[in-house]
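Written out below as C-alpha cells is the structure these notes cover.
Residue numbers (the working numbering), protein chains in the order written: chain A, 1194 to 1302; chain B, 508 to 623.
Written as C-alpha cells, this is what we have:
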C-alpha cells in the first residue's frame, strides 16, 4: 500500500485561480513531510517542508495530522507554476524517503 | 559551486549486460540517496548512504542491484544482468548530515538507462 498518495495525476487551472494539490500519507511515527517540484527540463528541487512553516513562491502547506494530509495550496496560480509536484515523507530521520506518484500542474493562460 | 553531477547522462545497453552509474555529490554532503523514476511512475527510493555506510539496503529492487560509496564522496550504482524493466531514470541526491527536516536534498540531473 502506498504510504504517500496524490490522487490527481493531472490538475489544470486557469491563471489567477486558486490551486490545491492534495497529498495524504500513512505513517505511524511523527512525520516529516516535504513538497518537491520539477519544472520542465530542470532538476527536482525542494519547494517547502512542513517543519519550516514557510511560504515559497506563494505556496503553503499545512500538516493536518488528524486527516493525515499535507495539501499544497496557492491562492492565485501563475503560468510559471506549471510543473510536476511531488509530496514526500521522510522516515527514520532521513534514512528513507517515500515520494508520492506526483501531480502535474498545468496553469492555463 | 557545482551541484550534484551524474554520469553518464544517457546509457543504452543490451539485456544481460552490467552497467555502472556514477554520482558525485556536493562537496561536504555526507548523506547520499539513489532513486529510480520509471515512465509514468513516481520516485522509488533505492538506498541511502551516511558517509560510506548504507544502513538499509532493502529498497534495492533485487540482488542484481548494488551500490557503494567510497571516501564519503562518489557513489556507484551497479546493475548486473540488466533487464528491460530496469529502464528508468536513476536520480541521485545529496544533503548535509543531520536531521532530514533541516537538510534539503539536492538532486542531480539523472541518468536515463535504456535496456534493449
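Positions of the beta carbon are idealized from the N, C-alpha and C atoms, including for glycine.
Are three or more beta carbon pairs between the segment 615–623 of chain B and the segment 520–527 of chain B nearer than 8 angstroms? yes
Does any residue of chain A have a CB that is nearer than 7 angstroms to the CB of residue 556 of chain B? Here residue 556 of chain B refers to the residue found at position 49 of the second chain. Taking Cβ atoms only, chain A never reaches closer than 7 angstroms to residue 556 of chain B, which makes this a no.
Q: Starting from residue 1280 of chain A, follow the beta strand (DSSP E) in both directions and report where the run begins and ends.
A: Residue mapping note: residue 1280 of chain A aligns to position 87 of the first chain, counting from 1. It spans 1276–1284 - the beta strand (DSSP E) in which residue 1280 of chain A sits, taken as one unbroken run.
Q) Which value, in whole angstroms, describes the spacing of the CA atoms of residue 1207 of chain A and residue 1236 of chain A? A) As a working note, residue 1207 of chain A is residue 14 in the first chain. As a working note, residue 1236 of chain A is residue 43 in the first chain. Using only the alpha carbons, I get a separation of about 25 angstroms.
What separation, rounded to the nearest whole angstrom, lies between the Cα atoms of residue 581 of chain B and residue 530 of chain B?
For this step, residue 581 of chain B is matched to residue 74 along the second chain. For this step, residue 530 of chain B is matched to residue 23 along the second chain. Roughly 6 angstroms between the two C-alpha positions.
Pull the bridge partners of residue 1267 of chain A from the DSSP assignment, please. On the first chain, residue 1267 of chain A is found 74 positions in, with the first residue counted as 1. According to DSSP, which records beta bridges pairwise, residue 1267 of chain A is partnered with A/1212.
- Helix, strand or coil: how does DSSP classify residue 531 of chain B here? Within the second chain, the letter at position 24 stands for residue 531 of chain B. Strand at residue 531 of chain B.
- Would you tell me roughly how many angstroms separate the C-alpha atoms of residue 1139 of chain A and residue 1255 of chain A, rounded to the nearest one? Only positions 1194 to 1302 of chain A appear in the structure, and residue 1139 of chain A is not among them; the question remains open.
Interface residues of chain A around residue 624 of chain B at Cβ under 7 angstroms? Lying outside 508 to 623, the shown extent of chain B, residue 624 of chain B is not represented and no answer is given.
Residue 1274 of chain A: buried (16+ other C-beta within 10 angstroms of its C-beta) or exposed? Start at 1 with the first residue of the first chain, and residue 1274 of chain A comes out as number 81. Buried: at least 16 other Cβ atoms inside 10 Å.
**Item:** Supposed contact pair residue 1211 of chain A and residue 1268 of chain A - C-beta distance, whole angstroms, cut 8 angstroms
**Value:** As a position in the first chain, residue 1268 of chain A is number 75, starting the count at 1. As a position in the first chain, residue 1211 of chain A is number 18, starting the count at 1. Indeed they touch by this definition, with Cβ atoms about 5 angstroms apart.
Anything in chain B within Cβ reach of residue 1295 of chain A, meaning under 7 angstroms, just list it in chain order. Within the first chain, the letter at position 102 stands for residue 1295 of chain A. 549, listed in chain order.
- Tell me, which residues are paired with residue 557 of chain B by DSSP? Here the question's residue 557 of chain B lines up with position 50 in the second chain. DSSP, once it has assigned bridges, lists B/538, B/560 as partnering residue 557 of chain B.
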